[in-house]
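In what follows, a single structure is set out as structure tokens and then discussed.
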Amino acid sequence: FESLALPITPQDYRVVMPSPDIAGPAIRLSIGLEDAGDLIADLAQALAHTGNAR
Numbered sequence: 003f004e005s006l007a008l009p010i011t012p013q014d015y016r017v018v019m020p021s022p023d024i025a026g027p028a029i030r031l032s033i034g035l036e037d038a039g040d041l042i043a044d045l046a047q048a049l050a051h052t053g054n055a056r
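Right, here's the structure in full:
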């Protein structure tokens, strides 16, 4: 039951068909089998900690 969040730059992963619409940093989420409510709460807490929660 493990999940992982990694910062990525989408341009680095789109080598076959680069998209001009995708720019800047992103977060790649690999979601495990945890309860959906727990995952949402964890993500909200992490975003609030960075000051970027919306």
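Residues in the sequence shown are numbered consecutively from 3, following the working numbering.
Just so you know, even glycine gets a beta-carbon here, dropped at the ideal spot from N, CA and C.
All of these numbers come straight from a predicted model, not from anything done at the bench.
- When the Cα atoms are used, residue 36 and residue 28 turn out to be separated by approximately 22 Å.
- Annotation: residue 4 to residue 33 spans about 7 Å, alpha carbon to alpha carbon.
- CA-to-CA, the gap between residue 12 and residue 23 works out to about 10 Å.
- Note that the C-beta distance between residue 31 and residue 7 is below 8 Å.
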